[in-house]
């Protein structure tokens, strides 16, 4: 099982339903990913969920160097594509 | 420490403050239908702080303790903090469609923090350390503080000490070894009945002779001598009647304001942050007003987002959504809403550091923003009335819809497009009515000060002399 830290932006005026999208990703990942927060230890990947192009959650990128970081600003990728990115099999192009 | 909505409600039950509604003492504000929507709205500030998807805006790191605290108790440490404040207000307004009340005390704490530092620098007093200790208490307990600025003011043409009744501005009536006794009142106090503390500040710049009125102090709302009298809102009784007629039944209309009376209230010195320093009253008022005016494009922008959505839904339900003039009006509402929001973001982005270290928004831009709110929110409401139709003013009662005798007529004749229930159509129209009438609009006009107060500030700080120089230079005028 892979440990992934989930971090949202604050969500002031998001262009899509961020929580709904994350639930979809989590459902797809099932038991394959253990979801933790940035305050936890021992995670290999980070999923940054931004509500818009300003991408405020990107501020966290510098604090998680050395980990695989996937940053989302649109609801364009399918959950399996995001999981593949978190697994390091593909590049993040979102 | 208050963390959850349940904690918050219990804290109000424990407070035991003196609240009057319609001439009667209220035993438990948390069970009174007049206050429940406002409590729900304020509770959102606690609930959302616990959501991973919102905590980035709803929380901050205390510069005093390094702990995570509610942003509503935070002192702005950067331009980013100023921007996040506005983003947070827009976000919460999306959830409540109404005022959530905590920004006033937030602004009062920041203004007092900055100004106590400046007072100490000039007068060698020790207010700032007291302010820090009080702030830490508020942060640690996560309390709601009312920003108590507006005095009743009586005859507006006279100074506080010239009034026929000297209590029309809050004042110190006695100084003692252990503290002061204050008397007076603060009017239009948003969220007061469901807050924990009030931070009383002078209502205007004061002159020599008015030293007793130069008082800034923090008072628990359950202190002896504090009496809260709730203000009647437009359609007040609808909170009691039913859900649909209330329009926004869970979160109500604006913040729920009260007259807070100080009937000889004792305040210990450790809670006094200004006492007689008339030379800093103007600065404190200006800072509080600027930070409060900074907010309005955030919260009213967020409330307007909900209203625009409601108008779009009503248009769908009534079969007008494809009409070009409706789409144009919805676009115009968006333009106005984003305009006020951009003002709040702009004054935050142009913010700067004060001598205390706390950050402060650009005052000219903040005051222009609030002045725009006093215009644009009315125009947004006018467009909402236009789009929704006259039916928002003539809809039958919810009880008519539920009536075994006449419900069938309401169901039949209040219907919109096929496939949409009459009840849903009535719900969305009632929401529009609630968000655009009476108290809801007046709050946009006079909340954070009346338009003229904003104009006075940007007129004074708008650098007219520089504009004149620019014009003369281009015209080739040499004098």
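Residue numbers (my numbering), protein chains in the order written: chain A, -4 to 89; chain B, 103 to 581. Glycine included, every Cβ here is placed at the ideal spot set by N, Cα and C. Treat the numbers as computed from the prediction; the structure is a model and nothing was measured.
query = Which residues in the same chain have their Cβ closer than 7 Å to the Cβ of residue 257 (chain B), if we skip the five residues on either side of it in sequence?
reply = 265
ask   = By a C-beta neighbour count over all protein chains shown, 10 Å radius and 16 as the cutoff for buried, is residue 167 (chain B) buried or exposed?
value = exposed
query = Assuming residue 358 (chain B) contacts residue 382 (chain B) under a Cβ cut-off of 8 Å, what Cβ separation, rounded to an integer in Å, is found between them?
reply = The pair is not a contact, with the Cβ atoms about 31 Å apart (cut-off 8 Å).
message = Extract the residue ranges of the alpha helix (DSSP H) inside the region 103 to 183 of chain B, only unbroken runs of 4 or more that lie entirely within it.
response = 107 to 117, 138 to 149, 157 to 160
message = Once the 5 residues before and after residue 117 (chain B) are set aside, which same chain residues still bring their CB inside 7 Å of it?
response = 298, 323, 324
query = Taking 8 Å as the CB-CB cut-off, is residue 306 (chain B) touching chain A?
reply = no
message = Beta carbons nearer than 7 Å to chain B: which residues of the region 9 to 23 of chain A have them?
response = 13, 14
ask   = Taking one C-beta from the region 49 to 62 of chain A and one from the region 19 to 28 of chain A each time, how about it: are there three or more such pairs within less than 8 Å?
value = no
request  = Go to residue 400 (chain B), then tell me how far its alpha helix (DSSP H) extends in each direction, as first and last residue.
outcome  = 383 to 420
query = What is the residue span of the alpha helix (DSSP H) that residue 74 (chain A) lies within?
reply = 74 to 81
query = So, helix, strand or coil for residue 300 (chain B), using DSSP?
reply = strand
inquiry  = To test your reading of the DSSP string, which unbroken beta strand (DSSP E) runs of 3 or more residues are found completely within the region 249 to 315 of chain B?
reply    = 273 to 277, 281 to 292, 299 to 302
ask   = Going straight from the alpha carbon of residue 314 (chain B) to that of residue 231 (chain B), what length do you get?
value = 22 Å
query = What are the boundary residues of the alpha helix (DSSP H) that residue 31 (chain A) is part of?
reply = Segment 28 to 31 is the beta strand (DSSP E) holding residue 31 (chain A); no alpha helix (DSSP H) there.
message = Quick check on this structure: which residue in B:425, B:197, B:136, B:479 has the alpha carbon closest to the alpha carbon of residue 343 (chain B)?
response = B:136
ask   = Taking C-alpha atoms, which residue in B:176, B:575, B:581 lies nearest to residue 165 (chain B)?
value = B:176
key: residue 72 (chain A) at chain B interface by Cβ criterion, 8 Å   = no
ask   = In chain B, what lies closer than 8 Å to residue 32 (chain A) by C-beta?
value = 154
request  = With a threshold of 16 other CB atoms inside 10 Å of the CB of residue 510 (chain B), please say whether the residue is buried or exposed.
outcome  = exposed
query = Which partner residues of residue 47 (chain A) appear in the DSSP bridge assignment?
reply = None, per the DSSP bridge assignment.
key: residue 492 (chain B) to residue 380 (chain B) span [Cα, whole Å]   = 52 Å
query = For residue 420 (chain B) versus residue 519 (chain B), is the C-beta distance shorter than 8 Å?
reply = yes
key: Straight-line gap, residue 220 (chain B) to residue 179 (chain B) (C-alpha atoms, nearest Å)   = 17 Å
key: Closer than 8 Å to chain A by CB, residue 257 (chain B)   = no
task = Could you check the C-alpha separation between residue 274 (chain B) and residue 390 (chain B) for me, to the nearest Å?
result = 21 Å
key: Selected residue, minimal CA-CA separation from residue 132 (chain B), among B:560, B:546, B:202, B:296   = B:296
message = Taking the beta carbon of residue 172 (chain B) as the centre, do at least 16 other beta carbons fall within 10 Å, making it buried, or is it exposed?
response = buried
message = Please tell me whether residue 179 (chain B) has its Cβ less than 8 Å away from any Cβ of chain A.
response = no
query = So does the region 426 to 437 of chain B actually touch the region 517 to 531 of chain B, counting three or more Cβ pairs closer than 8 Å?
reply = no
task = Give the residues of chain B in contact with residue 1 (chain A), contact being defined as C-beta atoms less than 8 Å apart.
result = 154
key: residue 547 (chain B) versus B:476, B:186, B:494, B:563, residue with shortest Cα-Cα distance   = B:476
query = Quick one: which chain B residues come within Cβ less than 8 Å of residue 47 (chain A)?
reply = Under the 8 Å cutoff, chain B gives no residues; its nearest Cβ is about 11 Å from residue 47 (chain A).
key: Sequence-distant residues of the same chain with beta carbon closer than 8 Å to residue 550 (chain B), five excluded per side   = 391, 394, 395, 397, 398, 472
query = Since residue 190 (chain B) meets chain A, which of its residues come closer than 9 Å, beta carbon to beta carbon?
reply = 5, 7
key: Beta-carbon gap between residue 369 (chain B) and residue 319 (chain B) smaller than 8 Å   = yes
ask   = Shorter than 8 Å from the beta carbon of residue 193 (chain B) to some beta carbon of chain A?
value = yes
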